[in-house]
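Asker: Once you've had a glance at the structure underneath, I'll fire off some questions.
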Amino acid sequence: MEEDAGKLIHDEWEDCSLVDYNRSGVPLIEIVSEPDMRSAEEVIAYLEKLRHLMQYLDVSDCKLQEGSMRADVNLSVRETGGSLGTRTEMKNLNSFKAISRAIENERERQIELLEQGKAVDQETRRWDDNKEYSYAMRSKEDAKDYRYFPDPDLPPVHVSDTWLLEIRKAQPELREEKQQRYQEEFGLPLYDAQLLTESRCFAALFEETAVLFGNAKKTANWFLVEVLRLMKEKGMEAEQVKFSPSHLAALLDMVEKKEVSPQNARKIFAEIFDRDAEPRSYAEKNGLMIVNDTGLLKDTVARIIDENPEAFAELVGGKDKVLGFFVGLIMKELKGRVNPADVRETLKKQIERRKTQETQEI
Amino acid sequence: MDLQALTALELADKIKKRQVSVLDGVKSVFEQIEKKESRVHAYLDIYKKEAYTRAKEVEKGIADDLYNSPLAGVPIAVKDNICVKAHPTTCASKILGDFIPPYNADVIDRLERAGMIIIGKTNMDEFAMGSTTETSAYGVTRNPHNPEHVPGGSSGGSCAAVAAGEAYLALGSDTGGSIRQPSAFCGVTGLKPTYGTVSRRGLIAYASSLDQIGPIGKNTADCAALLEVIAGHDPLDSTSLKRDDIQFSRENDRGIVGMKFGVPKEYLSEGLNPQTKAAFMEALKVLTGMGAIVEFFSMKTTEYMIPAYYIIASAEASSNLERFDGVKYGYRAAEYEDLHDMYRRTRTEGFGTEVKRRILLGSFVLSSGYYDAYYLKALKTKNLIKQEFDKAFADYDVLLSPTAPDTAPRLGESLKDPMAMYLGDIYTVAVNLCGLPAISVPCGKDDKGLPIGLQMIGDCFMENLSRQPAELPDFPALSAYLLRRLGGD
């Protein structure tokens, strides 16, 4: 553990590197792995796992771009079965993609060197993701003598088994545990559980809504379709999504009770997503509730029929495709405040009546 | 009434009884400053106007029963390596010449809460490195007993201020004897508390594992009262202790009869001034005469104390002083070519010779290739020294020694031979290495009229032995007792 000294920013200006001191003094933990990984995919999988762990433990938001998670990659190549070769250390890796690219690039560079009969120098290299190229920063020869010694201002911390146990007990639910629970408790498929737990706050939002609404499966569907769609449209991260779970739960409840149509529900949700609108009052104010006014529905149906005599004749004549056209028109006229099923029902009644009328007239 | 004859506690008592005003006490100090400061030069900065304003405030605070400290209204001097908000804190170094801390050290907050009045900041060896107050970048301080001699160091300004009556009490810091040795040279009483008893937050670090702030006063009772004001746990210093035995001024009735004193016989070998030795032996005789048991014992690690101390202290200093780079605060060289040249020139111009010497020594012993041979070995030596002290405290209640092997040297004498100056710390450094409490009390004078100090070393937390009142004596009370018997009080 150490204090963050700051972050160097290299590639944004041509001729200089700048220092961002915003993170100075922030606690920093360095985790060093063994030389266990054999490919860029394994490295990314390892880092993803670490990132989720750190996020779920609320240790860090782990944003590579902002420097709250950083990775230096030590890499060496060898012939199959041979012993580990000379390694280089790669710095300035600001995204998982950059890490992946840097690993591929460095692997190729080292293999090329060895195939040319040259040696790999043990050195620190800096990755330039814009140019997809790395160059040597410093070699072992000019390594600094940091003169490290135990800091007397930091007394030793004894980590007892009891303390460890307490921490384990107080530890929040981790991602894998959450996924397991979503599958068992909510009956969600693994894929959905993975998507929902991608970020801790996304999972929290989902869970709170699901508990309030009472149907986890329907809540999950809403999150995986509507919430993700709006996030993608607006280019937002899960941490930026800030609506109240109670508002979405109320909306889902209104859909369930057929108080709003699915189309209008999406409109209302856009308002919840953007400015945390209270769904019922918003729907009422903007006339988005389904009205159970049979008189209004009847009148509107009659009017639309009168306005489109030819189309209606076709419908009566048995052209069922035209039914959809009428339902659409009526829904539009009533701004979605009615149930499509009710519209269909009323229309059918009207058709029946006209048919009877026609028969009588003949 | 001659207020100068009063101790800090007596002054505070008269203030409390309204026989004397807070202003009177402050005035008496400024009268002495007027009379003596041009010769002594104990202070680097004097808060005259502020002290008078504060006196009125404290006067009212006492009337309103705001303070529960027995030292409310007492004027105090503060060593210039302790941060006082919005006032220069220089460590007597050019490199911090224009540094004004934006915060108070924990001890300063405590002084203010106790209703004490800060008179100013006192001179010292640069960054507390030195034993004479001659390494100050702002002129030497002279010994009030003889202006041709140094006051000792590094808290020389604080001890001279108390000795000259320019303050009733003072705060010093002690890394290897920096409170006790100048106290001995100036004929005052100075206590280095158990490591961790007083917060180091706001004390500009020299050697973090050894530094400790402590009280300097006219006698042990004053020191005990001041220690009670400044001691206490500080969550912002991770080496600060949670002690529940900080009622240092509490009386302890246990007599001296049967108490066991140990004297390391190696401390009395070559290098000890015969007059100092004679005064010390006289003190032992007094103790024996009172019924105490005094024994000599062997401290085999004695010859390793100075090397171990200077390696550890310099190593820590080299790290602590890295922050003075001309970037964040303090002095920066006026002309330079690039960043590294700026560092080099800033530090070359900003630090004095003794500080540079210790930074170089510290950097050397921590360098790869030398770390094991020097630094690590010094740490192991420190453990051996601690073991010997532990063994000694199994046999003795208190250990005794002269505070320093000689009385105050003449001005200019010590800087010619730094090695001799380091050897002068022989009796004091082990106390810091082991985190022990120790006090220096006056025990006589040499033929030039220069004071001699007696050092009493207690086991950890034994400043006050109230935790085990039946078995062990109260440290300050014991000292006060000794002091009365030895005629220094």
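Chains as they are written, first to last, in my numbering: chain A, -9 to 352; chain B, 604 to 1092. Each residue gets a CB set at the ideal place from its N, CA and C atoms; glycine is no exception. Computed from a prediction, not measured in an experiment: that's the story for all the values here.
(1) Within this structure, are the beta carbons of Gly177 of chain A and Gln253 of chain A separated by less than 7 Å?
(2) Check Thr593 of chain B in the structure and name its three-state DSSP category.
(3) Compare the C-alpha of Met948 of chain B against each of B:Ser641, B:Gln635, B:Val930 and name the closest.
(4) Since Ser14 of chain A is in the beta strand (DSSP E), which residue starts that stretch and which ends it?
(5) Among the residues of its own chain, which have a CB less than 6 Å from the CB of Tyr809 of chain B, if the five just before and after it don't count?
(6) For Arg1070 of chain B, I'd like the list of residues in its chain whose CB is within less than 6 Å of its CB, leaving aside the five on either flank, ordered along the chain.
(7) By DSSP, does Leu54 of chain A sit in helix, in strand, or in coil?
(8) Just mark Gly1052 of chain B as buried or exposed, buried being the case when its beta carbon has 16 or more other beta carbons within 10 Å.
(9) Indicate whether at least one CB of chain B lies closer than 7 Å to the CB of Arg13 of chain A.
(10) Taking the alpha carbon of Ser90 of chain A as the reference point, which residue from A:Asn64, A:Ser23, A:Ser73 has its own alpha carbon closest?
(11) With H, G and I counted as helix, E and B as strand and the rest as coil, what does DSSP make of Ala810 of chain B?
(12) For a contact meaning CB atoms closer than 7 Å, what does Arg137 of chain A contact in chain B?
(13) How about Leu164 of chain A and Tyr46 of chain A: do their beta carbons lie closer than 7 Å?
(14) Does Gly742 of chain B pass the burial test, meaning 16 or more other C-beta atoms within 10 Å, or should it be called exposed?
(15) Unbroken alpha helix (DSSP H) runs of length 4 or more, entirely within the region 134 to 208 of chain A: which are they?
(16) Please report whether the beta-carbon of Thr778 of chain B lies at a distance below 7 Å from any beta-carbon of chain A.
(17) Which residues bound the alpha helix (DSSP H) around Tyr655 of chain B?
(18) Between which two residues does the alpha helix (DSSP H) harbouring Asn923 of chain B extend?
(19) Report, in whole angstroms, the separation of the C-beta atoms of Ala770 of chain B and Val643 of chain B, which I expect to be a contact under 8 Å.
(20) Starting from Pro142 of chain A, find everything on chain B with Cβ-Cβ shorter than 7 Å and list it in chain order.
(21) Buried or exposed: which applies to Pro747 of chain B, given that a residue is buried once 16 or more other Cβ atoms fall within 10 Å of its Cβ?
(22) How many Å lie between Phe633 of chain B and Arg960 of chain B at the Cα?
(23) If the cut is a Cβ gap below 7 Å, which residues of chain B does Pro25 of chain A touch?
(24) If we define contact as Cβ-Cβ less than 7 Å, is Ser802 of chain B a contact residue for chain A?
(25) Going by Cα to Cα distance, which pick from A:Arg270, A:Leu202, A:Arg334, A:Val215 is closest to Asp182 of chain A?
(26) Buried or exposed: His943 of chain B, going by 16 or more other Cβ atoms within 10 Å of its Cβ?
(27) Can the beta-carbon of Leu1003 of chain B be found less than 7 Å from the beta-carbon of Phe864 of chain B?
(28) In angstroms, rounded to a whole number, what distance separates the CA positions of Arg621 of chain B and Leu982 of chain B?
(29) Which chain B residues sit within Cβ distance under 8 Å of Pro145 of chain A?
(30) Rounded to the nearest angstrom, how far is the Cβ of Asp119 of chain A from that of Asn84 of chain A, given a contact under 8 Å?
(31) Check the C-beta distance from Ile909 of chain B over to Leu1026 of chain B and give it rounded, since I have them as a contact under 8 Å.
(32) Let me check understanding here. Comparing Cα to Cα, which of B:Ser970, B:Ile1042, B:Ala787, B:Phe851 lies closest to Tyr136 of chain A?
(33) At what residues does the beta strand (DSSP E) containing Phe899 of chain B begin and finish?
(34) Report the rounded CA-to-CA distance for Asp357 of chain A versus Met80 of chain A, giving the unit in angstroms.
(35) With burial defined as no fewer than 16 other Cβ atoms inside 10 Å of the residue's Cβ, what is the status of Met604 of chain B: buried or exposed?
(36) Short check: CB of Lys688 of chain B to CB of Asn671 of chain B, under 7 Å?
Answerer: Well, looking at it:
(1) no
(2) Nothing about residue 593 of chain B can be read from this structure; chain B reaches only from 604 to 1092.
(3) First, the residue type needs correcting, since residue 948 of chain B is Arg and not Met in the sequence shown. It is B:Val930 whose Cα lies nearest to the Cα of Arg948 of chain B.
(4) No beta strand (DSSP E) holds Ser14 of chain A; DSSP gives it neither H nor E.
(5) Phe730, Ala731, Thr778, Ala920
(6) Low per-residue confidence applies at Arg1070 of chain B: pLDDT is 31, beneath 50, and the placement is therefore not dependable, though the value from the model is reported in the following sentence. The answer, listed in chain order, is Asp848.
(7) In the structure shown, Leu54 of chain A sits in coil (DSSP, three-state: anything other than H, G, I, E or B).
(8) Exposed, by the Cβ-count rule.
(9) It does not; no Cβ of chain B falls within 7 Å.
(10) A:Asn64
(11) coil
(12) Within chain B, the residues near Arg137 of chain A are Ser966, Leu969, Ser970.
(13) yes
(14) exposed
(15) 151 to 160, 165 to 176, 180 to 186, 190 to 203
(16) no
(17) 651 to 666
(18) 905 to 923
(19) 11 Å between Cβ atoms; not a contact.
(20) Ser811, Ser812, Glu919
(21) buried
(22) 37 Å
(23) Residues of chain B passing the Cβ test: none, with the nearest at roughly 24 Å.
(24) Chain A, which has no Cβ nearer than 7 Å to the Cβ of Ser802 of chain B, makes this no.
(25) A:Val215
(26) exposed
(27) yes
(28) 54 Å
(29) Ser841, Thr842
(30) 7 Å
(31) 6 Å
(32) B:Ser970
(33) Taken as a continuous stretch (DSSP letters only), the beta strand (DSSP E) holding Phe899 of chain B covers 896 to 900.
(34) For residue 357 of chain A there is no data in the structure shown, the boundaries of chain A being -9 and 352.
(35) exposed
(36) It is not a contact, given that the beta carbons lie outside the stated cut-off.
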